[in-house]
Amino acid sequence: MAVTPPANPSSSLHGKVKVNSLIIKQQFEIKENNISIKQKSNPLNAVSEPLKLIYQAAIDELNERLAPYLGEDALQKGLGANIDVSPEATAHRIVSLSTSMLSRFMDSNPQMEDQAAKEKFVSIIRDGVMQGFSEAREILKGLQVLEGDIAANIDKTFELVQKGLDNFLSPSEIAEE
778 MAVTPPANPS
788 SSLHGKVKVN
798 SLIIKQQFEI
808 KENNISIKQK
818 SNPLNAVSEP
828 LKLIYQAAID
838 ELNERLAPYL
848 GEDALQKGLG
858 ANIDVSPEAT
868 AHRIVSLSTS
878 MLSRFMDSNP
888 QMEDQAAKEK
898 FVSIIRDGVM
908 QGFSEAREIL
918 KGLQVLEGDI
928 AANIDKTFEL
938 VQKGLDNFLS
948 PSEIAEE
């Protein structure tokens, strides 16, 4: 039996990216070939710590995608100052936080078989992750910092998240490979 969430109230990707980009751009003063960072209370620094941006964008999008099933802000949004932002740690947090909501998703969809519910849940997560990474990439691209190690780390993080979701969906099959 298919589960149909309430109408998606989210705004367009373009609008969200534009707003997010404007917020981040307000943190920077561009001077000829020099970027100086204004001091803000926001711990997110897209230039020096782009994986924090990826993490937050993914969590925000997952919260939005899961809201029809689990309520607003189902996942934690904290970005601690001492957070490990390596691709491995970032991917682990994204997978751990999002998959920890499976039991609540299953409770809110009792008509679904366990495996079908798990597959639907992971599908929702994948869509949210793709959207979140896409938005973060657009922001970093707009700031002209999506290159070199930053781009490689984002790609690696995305790949690790996908592998983590594959493992969550079918742990025994992944372990046998």
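Numbering (my numbering), first residue to last: 778 to 954.
All residues carry an ideal CB built from backbone N, CA and C; glycine is no exception.
Remember, predicted model here, so these are calculated numbers, not experimental data.
Neighbour-count burial assignment, residue i, 16 or more Cβ in a 10 Å radius
i      : result
Ser877 : exposed
Asp884 : exposed
Glu924 : exposed
Glu915 : buried
Cβ separation of residue i and residue j, assumed to be a contact under 8 Å, to the nearest whole Å
i      : j      : result
Lys933 : Pro864 : 4 Å
Ala834 : Ala913 : 4 Å
Ile902 : Ser875 : 5 Å
Val938 : Ile836 : Actually they are not in contact, since the Cβ atoms of Val938 and Ile836 sit about 12 Å apart, beyond 8 Å.
Gly941 : Ala866 : About 12 Å; that fails the 8 Å criterion.
Ile927 : Leu917 : 7 Å
Spatial neighbours of residue i in its chain, beta-carbon cut-off 7 Å, leaving aside the 5 residues before and after
i      : result
Asp850 : Asn840
Val862 : Glu826, Leu828, Lys829
Phe751 : Because the chain is modelled from 778 through 954, residue 751 falls outside the range shown and cannot be assessed.
Asn930 : Leu828, Pro864
Leu879 : Lys895, Phe898
Sequence-distant residues of its chain with Cβ nearer than 6 Å to residue i (five each side left out)
i      : result
Arg881 : Leu847
Gly905 : Glu838, Leu839, Arg842
Close Cβ partners of residue i (< 8 Å) along its chain, the five nearest in sequence each way excluded
i      : result
Leu946 : Lys895, Glu896, Val899
Pro948 : none
Asp891 : Met883
Asn886 : Val780, Tyr846, Ala894, Lys897
Asn811 : For Asn811, the pLDDT reaches just 38, beneath the cut-off of 50, and the residue's location in the model is therefore unreliable, although a value from the coordinates is still provided. Hits under 8 Å: none found.
Do the segment 831-848 and the segment 908-923 meet, that is, are 3 or more Cβ pairs less than 8 Å apart?
yes
What residue ranges within the segment 839-889 form continuous beta strand (DSSP E) runs of no fewer than 3 residues, ordered along the chain?
List check, beta strand (DSSP E) in window: nothing returned.
In chain order, each beta strand (DSSP E) run of at least 3 residues that lies wholly inside the segment 890-954:
none
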